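Scroll down for the structure; my scribbles are underneath it.
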Amino acid sequence: MPVAVYPGSFDPTTYGHLDIIERASSLFERLIVAVGGNPAKEYLFDMADRVEMAEQACRRFPNVEVDSFTGLLVNFLAHCGANVVVRGLRAVSDFESELQMALTNRILRPGVETVFLMTSPEFLYLSSSTVREIALLGGPVHTFVPPHVEARLKARFPSLD
Ligand code: PNS
Numbered sequence: 010m011p012v013a014v015y016p017g018s019f020d021p022t023t024y025g026h027l028d029i030i031e032r033a034s035s036l037f038e039r040l041i042v043a044v045g046g047n048p049a050k051e052y053l054f055d056m057a058d059r060v061e062m063a064e065q066a067c068r069r070f071p072n073v074e075v076d077s078f079t080g081l082l083v084n085f086l087a088h089c090g091a092n093v094v095v096r097g098l099r100a101v102s103d104f105e106s107e108l109q110m111a112l113t114n115r116i117l118r119p120g121v122e123t124v125f126l127m128t129s130p131e132f133l134y135l136s137s138s139t140v141r142e143i144a145l146l147g148g149p150v151h152t153f154v155p156p157h158v159e160a161r162l163k164a165r166f167p168s169l170d
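10 is the number of the first residue of the sequence shown in the working numbering; add one for each residue after it.
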């Protein structure tokens, strides 16, 4: 059974991520949730906070661990001895960028396979950026993120419902 890596920004972890993590954890013996960092990108939460939130959310899955990476995903895969990348697919609009990422990773490191899990319908329109926007505008986020993530968002945006 190969080791699989589920990479993402996790800024912050949502119930959509947890849906993919739960389902991928039953498909692979070991799943590494890899919190990515791009120095050119601005995040709401820094790397340490994003890792902590993901770790707390993944505690209930015994075969899931959380790590972080900067730089190329394929280098992180090599470091972990993994050849499988897991990504969630929501609407058709995700497809083009995901195809580009999957093919690029396979060119950069031949043998890397990306496995796509279709999102569960209730999370079809959920994304971290939507959660960040709702939080920024003071709306309720409890239906989208676990309580410990909601608490972090409330600490960041005190006007949050
Ligand atoms: O949650 P996101 O923002 O969709 O995650 C994107 C992420 C972090 C998985 C992606 O940007 C990534 O793999 N970044 C690492 C840089 C890299 O390897 N780029 C080349 C492949 S396109």
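Backbone N, C-alpha and C fix where the C-beta goes; we use that ideal spot for every residue, glycine too. Predicted model, so just to flag it, every value in this text is computed and none were measured.
{"Item": "Opening and closing residue of the beta strand (DSSP E) in which residue 80 lies", "Value": "Counting along the chain, residue 80 falls outside any beta strand (DSSP E), and DSSP gives it neither H nor E."}
{"Item": "Pocket of the ligand PNS defined by Cβ to heavy atom distance under 5 Å", "Value": "16, 17, 18, 45, 81, 82, 110 and 113"}
{"Item": "Short CB-CB distance (under 8 Å) between residue 29 and chain B", "Value": "Absent here is chain B; the protein component of the structure consists of one chain."}
{"Item": "Sequence-distant residues of the same chain with beta carbon closer than 6 Å to residue 53, five excluded per side", "Value": "20 and 141"}
{"Item": "Run of the alpha helix (DSSP H) containing residue 104, from where it starts to where it stops", "Value": "104-117"}
{"Item": "Spatial distance of residue 82 from residue 152 (CA atoms)", "Value": "30 Å"}
{"Item": "Residue interval of the alpha helix (DSSP H) (run including residue 51)", "Value": "From DSSP, residue 51 is part of no alpha helix (DSSP H); its letter is neither H nor E."}
{"Item": "Among 86, 131 and 36, nearest to residue 120 - alpha-carbon criterion", "Value": "86"}
{"Item": "Where the alpha helix (DSSP H) through residue 152 begins and ends", "Value": "From DSSP, residue 152 is part of no alpha helix (DSSP H); its letter is neither H nor E."}
{"Item": "contact_flag[the region 85-99, the region 49-65] where n(CB pairs < 8 Å) is 3 or more", "Value": "no"}
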